[in-house]
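Top to bottom, those sequences are chains A and B. Residues in the first sequence are numbered consecutively from 2, following the numbering used here. Residues in the second sequence are numbered consecutively from 86, following the numbering used here. We treat Cβ as the ideally placed atom computed from N, Cα and C, and that holds for glycine. Computed from a predicted structure; not experimentally measured.
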Amino acid sequence: MGMNAEMLLAAVDPTLLLVVFSSVIVLGGGAVVVQRRSGQRRETPPSVPAPSAAPVASTTLDHSSGLGATEEVVDPGDAQPLVVEAPVGVEAAAAVVAAPPTVEGSLQKSRGLFSSLRAARRLKAIDEGTWEDLEATMLRADVGVATTALVLTALKEQVKEGLISDDAGLFAGLKQQLTAVLDRTVRPANGELARTSSDEAVTVWLVVGVNGVGKTTTIGKLANRASNEGLKVLLAAGDTFRAAAGEQLATWGDRSDTEVVRGAAGGDPSAIIFDALQRAKAKNYDVVLADTAGRLHNKVNLVEELKKIRRVADKEPGDVTEVLLVIDATTGQNALVQARQFTEAVSVTGVVLTKLDGTAKGGVVLAIEAELGIPVRFIGVGEGVNDLLVFEPRAFIDALVGDDQLG
Amino acid sequence: MFDALSDRLERIGGRLRGRGRISAQDLAEALGEIRTALLEADVELSVARAFCDNVAARCSIEELSKSLTPGQQVVKAVHEELISVLGGETLKITYASRPPTVILLAGLQGAGKTTTAGKLATWFKSQGRNPMVVAADLQRPAAVEQLRILAEQAGVGFHSFGTSPVEVVKNGVDEAVRIGRDVVILDTAGRLSIDEALMAEVKAISAATTPHYTFLVIDAMTGQDAVHTAKAFDETLALDGVVLTKLDGDARGGAALSVKYVLGKPIAFASTGERLGDLELFHPDRMADRILGMGDVLSLIEQAERTMDTAKLGESAGRMLAGQFTFDDFLEQMNQIKKMGSFGSIARLIPGMGKQLKEAASQFDDREIARIEGMVHSMTAQERQNPDLIDRSRQTRIAHGSGRSVADVAALLKQFKQMAKMMKSLGGGGGMPQMPGMGNPLAMRKQLQAMSQASPEQLSGLLGGTPTGATAPPPWAAQKPASGSKKGKKKGGRVTPPKGR
């Protein structure tokens with residue numbers, strides 16, 4: 002069947018050739034022309050990333066250097082008619098879960114995996130099978146090939162040096178290695194989110210991520226957490242693209258007793274952030290918590306739009322102190338690419354790992370921390386307003402490997 | 086989306102190609118690389134293992150050693166195995182003899198069920214059906230509202246009445262019968278496979294409506310958990326297929342392979358963009374081609390055959406390979422391509438398209454074509470026939486005539502000349518007797534691939550013609566500034582085009 006393609010290819014070679022030919026001319030040459038224009042709305046897919054108009058011989062993936070300079074001035078007059086929704090403040094209590102969930106509890110499944118492995122291993126000495134099992138377990142938890150290899154190499158070294166000789170030592174060593182990966186990253190204590198140091202400025206926390214990871218839900222939870230800490234929070238419904246995203250955020254606003262600034266569907270998200278900032282300044286809010294539309298990190302125009310949102314949010318009186326990237330725990334190795342791209346675009350300051358209440362292990366955060374040094378700050382473990390926990394490296398690893406004493 | 090995987094296999098292929106004889110160890114190493122590539126593409130571990138075993142069974146060391154292109158042989162084996170895993174036929178929807186045909190969508194939170202419901206409705210509408218969507222996700226705030234808006238945008242029926250999901254879907258199907266909708270799509274709340282209460286609920290929904298098709302909606306970015314989730318849903322609902330979403334991302338999509346492998350259920354639809362129309366039937370064979378970086382050749386060819394004047398194209402292709410391609414041919418060709426649809430979407434289908442060009446293609450604004458045509462139209466007939474005529478002063482005139490800058494014109498010329506030269510060398514007319522000619526489709530493909538993977542600047546380096554592009558730089562390569570030195574420069578960094586005469 003695959004050879005089909007080849008035969009066909011042989012038959013229509015001229016056509017293909019011509020198409021390739023024109024494409025390269027148009028895309029290559031065209032990029033030079035397009036590069037200077039901007040305008041980044043979804044409706045009019047604009048700027049080509051410019052297959053390097055600058056004569057750089059090396060293949061570089063960084064298109065931002067060329068485009069980032071297209072400075073945009075935001076015209077306040079551009080602002081959408083805005084709706085400020087007063088909190089209804091009902092259901093808040095209803096949404097509260099009686100007993101706050103624990104990291105341990107929510108990671109039961111992963112723990113089970115490692116624990117059963119331990120039970121099996123306890124009977125044997127360290128051999129090739131041990132390593133294979135360890136590798137398999139880490140890979141299955143989405144830890145990723147590179148990080149897994151890193152950890153295993155370090156462990157093997159310790160075994161060779163005689164530092165580890167039995168299973169108990171091996172698991173302690175594994176735990177230590179994994180914890181070490183997370184400890185290399187600087188993480189604010191108690192999940193504290195940074196606020197502006199200036200009296201004049203308004204703190205902005207920007208929440209970003211690909212589609213369907215749980216950004217809006219996370220914002221609801223973060224808003225609740227911040228108001229519980231006594232902060233006056235204003236939500237900005239920056240997702241104007243997805244149908245009913247504003248309504249969804251408004252519901253969360255009600256649950257956490259927080260006001261929401263909304264604009265028209267399909268409107269300019271930057272304008273909404275701008276409005277929220279003005280309102281926050283006028284009404285003495287402590288924090289603007291800004292939602293953004295889900296966007297795939299490989300869509301250049303949408304990433305450009307996000308950069309613009311950040312620029313606007315950072316303009317007076319705004320001060321973006323946190324950019325939180327929401328990552329779905331079920332995501333595989335692509336999460337690493339997401340983290341890399343979003344950081345490049347808007348300087349991510351932390352990760353919120355959601356949907357850890359499922360069977361997914363979320364092991365990819367190890368790779369994110371190891372390779373990018375971006376700390377995981379919170380984990381999402383359910384749909385209730387309180388189901389957001391501060392990420393604790395030790396608890397996370399303990400839950401992953403099992404924390405009971407070896408017999 | 087499988088680009089990285091194909092890159093990887095390509096590299097393995099390249100390494101094997103360099104060897105005279107293949108040892109068992111070489112093969113083991115290649116298989117190890119394939120396994121790593123699969124794992125990095127999020128293929129589930131046991132699936133990756135089984136896959137590699139099957140590939141090994143397809144490769145005999147004797148035959149590999151005899152082959153001139155052992156790498157290709159391995160790649161071919163991987164390709165065959167991919168097709169056999171992803172394979173089978175494209176799902177054909179059979180409509181219920183007594184309408185409505187009921188379709189149930191289930192999946193984890195955030196997989197894209199609601200959006201998929203809207204897209205499926207749009208798809209059925211395009212098939213001449215009269216669909217209705219039923220919003221039974223009463224859990225997520227505003228999910229019902231979201232589907233209502235999507236239905237409105239798609240111009241399809243919408244229904245959501247009742248206090249429990251089961252009641253809603255029952256009412257929905259009844260309503261469809263009453264008003265004569267022939268396809269009903271049920272959107273349900275996202276749920277975890279380990280949440281027994283919610284799994285029981287979706288089972289009850291299924292029992293109440295006896296859907297003709299039950300689709301699991303899965304995010305193409307899903308990691309190792311995909312198999313677990315798919316199995317759990319299959320046990321509860323007896324799935325008929327899978328809808329793969331967010332394929333427009335750069336995830337390598339190993340989940341598709343794993344789920345197909347483990348469940349044996351077809352991937353029915355794939356969602357490839359944010360618009361309601363961005364949903365298509367999943368083509369396993371094309372996907373396998375894509376994994377190997379062959380591009381979606383079949384789609385491209387189908388499109389081309391439907392719309393292009395092949396006789397005319399053949400003529401200009403002939404001229405091109407003879408090194409006589411002119412701007413008139415180029416214009417003609419652009420006209421043909423425009424008939425096929427949006428330029429960006431066509432360019433994206435080209436086999437082995439490199440990352441940069443692909444990205445450029447996906448973001449391409451079709452109005453750009455008009456600007457390029459504007460420049461060509463501002464040339465005299467003579468200039469179009471003989472681009473070498475165009476010197477600096479003619480460039481200035483053309484720039485004035487088309488309202489572009491001289492640099493734009495120069496860039497277009499440069500691009501055109503490089504491509505013309507490359508095409509000539511492809512055709513064997515460039516005085517390079519060792520070049521594979523038209524007779525060898527495989528070598529040809531390699532060429533095209535090498536070409537389209539290069540950035541425009543690298544193209545000149547490829548003109549030497551070998552697939553690896555590792556030949557002496559052409560004369561004008563010396564004009565390039567040292568690599569990296571101009572990275573930050575935005576405008577002045579363009580090279581003066583070589584004065585061709």
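- For a Cβ distance threshold of 8 Å, residue set Lys331, Asp333, Gly334 and Asp335 of chain B lies close to Leu297(A), ordered along the chain.
- Ranked by how close their Cα comes to the Cα of Asp184(A), the residues Asp388(A), Val386(A) and Glu370(A) have Glu370(A) in first place.
- Taking a Cβ-Cβ cut-off of 8 Å, the neighbours of Asp304(B) in chain A comprise Gly213, Asp329, Thr331 and Thr332, given in sequence order.
- In the DSSP assignment, Leu389(A) falls within the unbroken beta strand (DSSP E) covering Leu389 to Val391.
- Going by DSSP, Val347(A) is part of no beta strand (DSSP E) but of the alpha helix (DSSP H) stretching over Asn335 to Val347.
- Within the same chain, Trp132, Leu135 and Glu136 come within 7 Å of Leu153(A) by CB-CB distance, once the 5 residues on both sides are set aside.
- When secondary structure is reduced to three states using DSSP, Ser401(B) falls in the helix class.
- Here DSSP, grouped into helix, strand and coil, assigns Asp267(B) to coil.
- Secondary structure at Arg360(B): coil, using DSSP grouped into helix, strand and coil.
- Residue pairing by DSSP places Met217(B) opposite Gly242(B) and Val269(B) in a beta bridge.
- Residue pairing for Thr204(A): DSSP places it in a beta bridge opposite Val288(A) and Asp320(A).
- Note that the segment 349-368 of chain A does not touch the segment 299-312 of chain A; fewer than 3 beta-carbon pairs, one per stretch, sit closer than 8 Å.
- Tyr346(B) carries a helical assignment under DSSP once its states are collapsed to helix, strand and coil.
- Per the DSSP secondary-structure output, Leu366(B) pairs in a beta bridge with Phe354(B).
- Taking the C-beta atoms as reference points, Leu232(B) is found nearer than 8 Å to Thr199(B).
- The segment 234-253 of chain B and the segment 158-176 of chain B do not touch, with fewer than 3 CB-CB distances between them shorter than 8 Å.
- For Glu162(A), the secondary structure class from DSSP, reduced to helix, strand or coil, is coil.
- Beta-bridge annotation (DSSP): Phe300(B) is paired with Leu190(B) and Gly326(B).
- In the assembly as shown, Gly488(B) is an exposed residue. Its beta-carbon has fewer than 16 other beta-carbons within 10 Å.
- Look at the beta carbons and you see the segment 302-314 of chain B touching the segment 323-337 of chain A: at least three pairs across the two are nearer than 8 Å.
- In the DSSP assignment, Glu260(A) forms a beta bridge with Leu235(A).
- Among the residues facing chain A, Gln158(B) is not included, as its CB has no counterpart in that chain under 8 Å away.
- As DSSP reads the structure, Gly381(A) sits in a beta bridge with Leu389(A).
- Three or more Cβ pairs closer than 8 Å define a contact, and the segment 459-468 of chain B meets that threshold against the segment 480-497 of chain B.
- Ala221(B) places its beta carbon less than 8 Å from that of Pro250(B).
- Close partners of Asp358(A) in chain B (Cβ separation under 7 Å): Leu277.
- When 7 Å is used as the limit between beta carbons, Pro250(B) is near no residue of chain A, the shortest such separation being about 15 Å.
- Within its own chain, the residues whose Cβ lies closer than 8 Å to the Cβ of Leu130(B), once the five positions on either side in sequence are excluded, are Leu124 and Gln309, listed in chain order.
- Contact annotation: Gly374(A) and Leu354(A) have beta-carbon atoms that are not nearer than 8 Å.
- 8 Å or more divides the Cβ of Asp167(A) from the Cβ of Ala237(A).
- Proximity of chain B to Asp292(A) at the Cβ level (cut-off 7 Å) is not reached, the minimal Cβ distance being about 13 Å.
- Beta bridge pairing from DSSP links Thr355(A) with Asp329(A).
- Within the segment 232-250 of chain A, Phe242, Arg243, Ala244, Ala245, Ala246, Gly247, Glu248, Gln249 and Leu250 place their CB atoms closer than 9 Å to a CB of chain B, listed in sequence order.
- Leu164(A) and Leu175(A) have their C-alpha atoms spaced approximately 13 Å apart.
- Between the C-alpha atoms of Leu176(B) and Phe367(B) there is a straight-line separation of about 8 Å.
- When DSSP states are grouped into helix, strand and coil, Thr248(B) belongs to the coil group.
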